[in-house]
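Numbering of the sequence shown is given in this note's numbering, commencing with residue -6 and proceeding in unit increments. Even glycine gets a Cβ: it sits at the ideal position worked out from N, Cα and C. Report on the following structure.
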Amino acid sequence: MAEQTERPEYPTALGASSLKKITLLGHDLAEDVMGTVGFGELAFWLATQRRPTPGETRVFEAVLAALADHGFTPTAIVTRLTYLSAPDSIQGALAAGLLGGGSRFLGVTEDCGRFLHDVLTSADGALPADDAGWDALALDTVRAQREAKRFVPGLGHHVHKEGDPRTPRLMRIAAEEDLFGPHLSLFAAIGRVHPQVLGRTLPLNGAGVCGAALADLGLPLELLRGFALLARTAGLIGQLAEELRRPVANDIFLSVDLNNRSVAPEPYTPADAHGGSHG
């Protein structure tokens, strides 16, 4: 008699299907979720496996709105250009744009959330209870970054040099919902004290404040960039929709292609050939 082997099991609290029913997060998808749960609320729920409060949903969806689109950024341009090159591949165009979410665009959301969290978890004693305490912690933080010759994530913006309009708005929403937590408190304090160290005033950018808000919501730090990409997906679909109506990708391509200038080759020279050393 052949020996019986156990069938493998793959437990999940997410989507599961039977002949007549689909369950999601323990609920009937068709009857309890569709037409009842908003997409932003569902995205939060899927990531945390707990249903957010109305206040948490409002802050979370404000973050998604803040990050959905910011004009002709590299992610938007590469999406349009990829669609120009491969109009049969919408998925390729969207993927190209999302792959560009890194340390300069979109990735700042995760970088800032992680940075603030690291500062908070390494702080000695209890966290500050007033603005003076937060300012002192922020001052130490900015000084340490300056001494280490590292940037403070979320500080500065290439366009909104006098202030990113998304930042105060998201802070107000979080405060209204009683969700202005330690990450936002530290970020706001960095905005107040950094001129004392840097000698100039830089704006707290929208991607950074989004990271602080998401961290205060208790969302996994490892997924913060994923939420930024979720938001930008909607924006990139909008970019493609506009490209269909008012195409600019071919003009961008021809602007570069027809204005290239031939120059003499510049052979690569390893750094150690000039007395440098490998790190």
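- Apart from sequence neighbours up to five positions away, the residues of its chain that approach Arg159 with a beta-carbon distance below 6 angstroms are Ala59 and Gly199, ordered along the chain.
- Out of Gly64, Gly100 and Leu91, the CA that lies nearest to the CA of Glu215 is found in Gly100.
- Using a Cβ distance threshold of 8 angstroms, Val190 and Val135 count as a contacting pair.
- Residues of the same chain with a CB within less than 7 angstroms of the CB of Thr72, apart from the 5 flanking positions on each side, are Ala86, Leu87, Ala89, Gly90, Leu229, Gln232 and Leu233 in chain order.
- Assigned with DSSP and collapsed to three states, Thr134 falls in helix.
- Membership of Leu177 in the alpha helix (DSSP H) is indicated by the continuous run Pro175 to Leu191.
- When DSSP reads this structure, Ser10 sits in a beta bridge with Ile15.
- By the Cβ neighbour-count rule, Ala119 is exposed, with fewer than 16 other Cβ atoms within 10 Å of its own.
- Shown here, Gly126 sits in a helix according to DSSP, grouped into three states.
- In the displayed model, Leu99 falls within a strand according to three-state DSSP.
- Between the stretch 25 to 37 and the stretch 133 to 151 there are fewer than three C-beta pairs closer than 8 angstroms, too few to call the two in contact.
- C-alpha of Ala224 to C-alpha of Cys203: approximately 11 angstroms in a straight line.
- Apart from sequence neighbours up to five positions away, the residues of its chain that approach His150 with a beta-carbon distance below 6 angstroms are Asp157, Pro196 and Asn198, ordered along the chain.
- Contact between Asp209 and Leu177 holds, since their C-beta atoms are separated by about 5 angstroms, short of 8 angstroms.
- For Arg51, the CB contacts under 7 angstroms within the same chain, skipping 5 residues up- and downstream, are Ile166 and Glu170 in chain order.
- Put simply, the backbone Cα of His187 is about 21 angstroms away from that of Thr114.
- Put simply, the backbone Cα of Glu54 is about 48 angstroms away from that of Pro263.
- Apart from the 5 residues on each side of it in sequence, Glu236 sits with its Cβ closer than 7 angstroms to the Cβ of Arg73, Tyr76 and Ala242 in its chain, given in chain order.
- In the DSSP assignment, Phe37 falls within the alpha helix (DSSP H) that extends over Phe32 to Thr41.
- DSSP places Val249 inside the alpha helix (DSSP H), whose first and last residues are Ala242 to Asp250.
- When secondary structure is reduced to three states using DSSP, Leu148 falls in the strand class.
- Residue state for Leu212 is assigned as coil, using DSSP reduced to three classes.
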